[in-house]
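Each residue of the sequence shown is one higher than the last, beginning at 1 in the UniProt record's numbering.
Here a beta-carbon is modelled for each residue, glycine too, at the ideal position from N, C-alpha and C.
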Amino acid sequence: MSDQGSLMVLENFIGGKFVPCLSHVDSYDPSTGKVYCRVPDSSKQEVDAAVKAAKAAFPEWSGFSQEQRSQVLNKLADLIEANLEEFVRAESKDQGKTIAFAQAVDIPRSAFNFRFFASASRHHTTECSQMDHVGCLNFTVRCPVGVAGLISPWNLPLYLLTWKIAPALAAGNTVVAKPSEMTSVTAWMMCKLMNQAGVPPGVVNIVFGTGPKAGDALVGHPDVPLVSFTGSTATAQRITERAAPYCKKLSLELGGKNPAIVFADADLDQCIPTTVRSSFSNQGEICLCTSRIYVERKIYPEFLDKFVAAAKKWKAGDPCDSSNSMGALISKEHLDKVRGFVALAKSEGGVVHCGEGLDKLDLPEKNKCGYFMPATVITGVCDSSRVMQEEIFGPVVCVSPFDTEEEALTKGNGVRFGLAAAVWSRDVGKVHRVARQLQAGIVWTNCWLVRDLNLPFGGMKSSGIGREGAKDSYYFFTEVKSVTIKH
Ligand code: NAD
Numbered sequence: 001m002s003d004q005g006s007l008m009v010l011e012n013f014i015g016g017k018f019v020p021c022l023s024h025v026d027s028y029d030p031s032t033g034k035v036y037c038r039v040p041d042s043s044k045q046e047v048d049a050a051v052k053a054a055k056a057a058f059p060e061w062s063g064f065s066q067e068q069r070s071q072v073l074n075k076l077a078d079l080i081e082a083n084l085e086e087f088v089r090a091e092s093k094d095q096g097k098t099i100a101f102a103q104a105v106d107i108p109r110s111a112f113n114f115r116f117f118a119s120a121s122r123h124h125t126t127e128c129s130q131m132d133h134v135g136c137l138n139f140t141v142r143c144p145v146g147v148a149g150l151i152s153p154w155n156l157p158l159y160l161l162t163w164k165i166a167p168a169l170a171a172g173n174t175v176v177a178k179p180s181e182m183t184s185v186t187a188w189m190m191c192k193l194m195n196q197a198g199v200p201p202g203v204v205n206i207v208f209g210t211g212p213k214a215g216d217a218l219v220g221h222p223d224v225p226l227v228s229f230t231g232s233t234a235t236a237q238r239i240t241e242r243a244a245p246y247c248k249k250l251s252l253e254l255g256g257k258n259p260a261i262v263f264a265d266a267d268l269d270q271c272i273p274t275t276v277r278s279s280f281s282n283q284g285e286i287c288l289c290t291s292r293i294y295v296e297r298k299i300y301p302e303f304l305d306k307f308v309a310a311a312k313k314w315k316a317g318d319p320c321d322s323s324n325s326m327g328a329l330i331s332k333e334h335l336d337k338v339r340g341f342v343a344l345a346k347s348e349g350g351v352v353h354c355g356e357g358l359d360k361l362d363l364p365e366k367n368k369c370g371y372f373m374p375a376t377v378i379t380g381v382c383d384s385s386r387v388m389q390e391e392i393f394g395p396v397v398c399v400s401p402f403d404t405e406e407e408a409l410t411k412g413n414g415v416r417f418g419l420a421a422a423v424w425s426r427d428v429g430k431v432h433r434v435a436r437q438l439q440a441g442i443v444w445t446n447c448w449l450v451r452d453l454n455l456p457f458g459g460m461k462s463s464g465i466g467r468e469g470a471k472d473s474y475y476f477f478t479e480v481k482s483v484t485i486k487h
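If you want it as structure tokens, here you go:
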């Protein structure tokens, strides 16, 4: 890092060394609205250098034993944990989220991602079958693919980046990663730990910059045979086109428009606080956040009253103040976009029960120009509205009633996304039926965001292609070969 005035200036990490970049883009502190950091605006030249370094390091790293690779990953986890508070403060400042959220979720999970894949990768086995009638034994062999291109978004910066780097490395690949240009600081801090953790030079390269420049150069690089991407569906479409001429392996984790279906027999004492959390955690900037709540008509008035009362207590404000549940949204553009959805809902006859336009935020002087918005609950929006169809990715949730199980399913499935869903009922049979029929890669019943990292994570429809998790990530980051031996 160098100091330009009081601004942090980040550098790329290529071949085990920090390398300055000639041009930069500004990065804002969302809680103050001020530029505080300059991020390399890398282009093809920097990406080429990173891919070259990763390619050169591949024979050594892929030749390490599984045990050796696991040791390195565990050491990286140790080092992140040893610097936890520094990472927590940096993630909060860079992204706008509360210190409390970064401390409870982002940074511990980032360290755990390395620990998890260090362990999971020791337990994979390959397949074997025998065909005695022809005297053949068949088995599969799995090999790392090569240089993995990893592209991550701004909402859970280090968490989602390490969720890719860890399995890629565990499987024996080398990587070139590009974090979001809006939230690059914790990735850059992690680079400082690589040499100490024993990561050989060139095994992890991080190139900072924008999607259309650095991201595009990475996806289009002929020596990058696989790309793991988390971000918006629109960007995924561009990445798919760019990768098509090379027939690259693609893993795409995309947006959601996640429903919660609340039946009349739900335990509202659990459902209401959990659904407030699922709607507004991390300012609603989690791909798994609830965006549409369908409530059985019998309990609709009671649910709405209690839900709005609970949402009003979910305060937005200074991310450093532990009494706040939400910090700032990522950018001015994003705040305007989210507010635009509330305005659209109102123009279509929707009713805002709390939040935007109703509840004034009491912000300290230093946060007056930050990108804050209160938790907002809307009713009366029709299913075909853009508000009910498009991903808002902010602290806005729409509530509407339903009469039958069939109607709830039709509404729940009536969008192009299929990432996550929640079902609330005490009827086990109903829960099974509805979970089975919901078009979503992840269904939580009577809970939200309980994650077993062994299980497949990912979306259906426009929410993605492929799954991540212990076995699924291993399959993605390896090539499989079937071998037949005849005696
Ligand atoms: P985005 O698609 O704008 O950007 C994601 C990343 O892609 C960034 O690093 C960006 O620089 C890069 N990028 C942009 N254009 C590119 C291009 N042409 N070529 C290569 N790379 C390019 O998404 P975002 O706004 O950063 O993140 C929010 C989105 O991510 C939401 O839609 C959210 O639902 C989704 N998301 C999905 C998951 C999941 O696991 N399914 C998790 C978190 C976020």
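Judging by CA-CA distance, which residue of the options is the nearest neighbour of residue i?
{"i": "Arg436", "options": "Leu449, Asn413, Val450", "result": "Asn413"}
{"i": "Thr126", "options": "Leu344, Lys486, Val480, Ile485", "result": "Val480"}
{"i": "Phe476", "options": "Ser322, Leu252, Val415, Asp336", "result": "Leu252"}
{"i": "Asn173", "options": "Glu81, Ala56, Asn155, Lys315", "result": "Ala56"}
{"i": "Gln439", "options": "Asn454, Met460, Ser331, Leu449", "result": "Met460"}
{"i": "Pro245", "options": "Phe307, Val219, Phe263", "result": "Val219"}
{"i": "Trp188", "options": "Leu363, Ala311, Val338, Gly16", "result": "Gly16"}
{"i": "Gly350", "options": "Ser384, Pro374, Gly96, Phe87", "result": "Ser384"}
{"i": "Ser27", "options": "Glu181, Ala309, Arg297", "result": "Glu181"}
{"i": "Arg386", "options": "Ala77, Asp427, Phe341", "result": "Phe341"}
{"i": "Gln103", "options": "Lys486, Ser121, Gly370, Asn83", "result": "Asn83"}
{"i": "Trp154", "options": "Lys346, Phe114, Thr186", "result": "Thr186"}
{"i": "Gly327", "options": "Arg115, Phe139, Thr32", "result": "Thr32"}
{"i": "Tyr294", "options": "Ala266, Ala310, Ala309, Lys313", "result": "Ala266"}
{"i": "Lys44", "options": "His353, Tyr300, Val431, Lys178", "result": "Lys178"}
{"i": "Ser184", "options": "Phe116, Asp29, Asp216, Gly198", "result": "Asp29"}
{"i": "Gly198", "options": "Leu79, Val88, Ile299", "result": "Leu79"}
{"i": "His221", "options": "Trp444, Lys34, Glu46", "result": "Glu46"}
Considering only DSSP beta bridges, list what residue i is partnered with.
{"i": "Ile206", "result": "Phe13, Ala177"}
{"i": "Asp18", "result": "Sequence check: residue 18 is Phe here, not Asp. In DSSP, Phe18 forms a bridge with Phe13."}
{"i": "Cys398", "result": "Arg292, Ile378"}
{"i": "Arg38", "result": "Val9, Asp26"}
{"i": "Trp154", "result": "Per DSSP, none; premise fails for Trp154."}
{"i": "Asn258", "result": "Thr290"}
{"i": "Gln130", "result": "Leu137"}
{"i": "Lys461", "result": "Phe417"}
{"i": "Glu468", "result": "Phe457"}
{"i": "Ile99", "result": "DSSP, once it has assigned bridges, lists no residue as partnering Ile99."}
{"i": "Gly215", "result": "Bridge partners of Gly215: none, in fact."}
{"i": "Ala170", "result": "Beta-bridge pairing links Ala170 to no other residue."}
{"i": "Val147", "result": "Thr174"}
{"i": "Ala408", "result": "None; Ala408 has no bridge partner."}
Counting along the chain, where does the beta strand (DSSP E) carrying residue i start and finish?
{"i": "Met190", "result": "Here Met190 belongs to no beta strand (DSSP E); instead the alpha helix (DSSP H) covers 185-197."}
{"i": "Pro364", "result": "Premise fails: Pro364 is in no beta strand (DSSP E) and is neither H nor E."}
{"i": "Trp424", "result": "420-424"}
{"i": "His353", "result": "351-354"}
{"i": "Leu252", "result": "249-253"}
{"i": "Val227", "result": "226-230"}
{"i": "Val480", "result": "478-486"}
{"i": "Val434", "result": "Counting along the chain, Val434 falls outside any beta strand (DSSP E), though it belongs to the alpha helix (DSSP H) covering 428-437."}
The alpha helix (DSSP H) that contains residue i, what's its start and end?
{"i": "Met182", "result": "It is not in any alpha helix (DSSP H) - Met182 carries neither H nor E in the DSSP assignment."}
{"i": "Thr140", "result": "Per DSSP, Thr140 belongs to no alpha helix (DSSP H); it is in the beta strand (DSSP E), 136-144."}
{"i": "Phe87", "result": "84-95"}
{"i": "Glu285", "result": "Premise fails: Glu285 is in no alpha helix (DSSP H) and is neither H nor E."}
{"i": "Ile272", "result": "268-280"}
{"i": "Asn113", "result": "107-120"}
{"i": "Ser62", "result": "44-63"}
{"i": "Leu335", "result": "332-347"}
{"i": "residue 562", "result": "For residue 562 there is no data in the structure shown, the boundaries of the chain being 1 and 487."}
{"i": "Thr233", "result": "233-243"}
{"i": "Val443", "result": "Not the alpha helix (DSSP H): Val443 falls in the beta strand (DSSP E), residues 442-445."}
{"i": "residue 537", "result": "As shown, the chain starts at 1 and ends at 487. That puts residue 537 outside it, with no answer to give."}
{"i": "Met326", "result": "Unbroken run through Met326: none, as it is neither H nor E."}
{"i": "Val450", "result": "Note, Val450: premise wrong, no alpha helix (DSSP H); not H, not E."}
{"i": "Arg297", "result": "It is not in any alpha helix (DSSP H) - Arg297 carries neither H nor E in the DSSP assignment."}
If we count Cβ pairs, one from each stretch, closer than 8 Å, do we get three or more for the stretch 248-267 versus the stretch 387-396?
yes
Using 8 Å as the threshold, is the stretch 56-70 in touch with the stretch 207-216, meaning 3 or more CB pairs across them?
no
Could you tell me whether the stretch 313-333 touches the stretch 415-425, where touching means 3 or more Cβ pairs closer than 8 Å?
no
Touching or not, the stretch 228-246 and the stretch 43-58, by the rule of three or more beta carbon pairs under 8 Å?
no
Pair every Cβ in the stretch 228-238 with every Cβ in the stretch 160-172, then say whether three or more of these pairs are closer than 8 Å.
yes
How do the stretch 93-101 and the stretch 271-289 stand: do at least 3 beta-carbon pairs fall below 8 Å, yes or no?
yes
Quick check: the stretch 363-380 against the stretch 398-409, are at least 3 beta-carbon pairs closer than 8 Å?
yes
Tell me whether the stretch 143-155 and the stretch 448-463 touch, counting them as touching only if at least three CB pairs, one residue from each stretch, are closer than 8 Å.
No, the stretch 143-155 does not touch the stretch 448-463.
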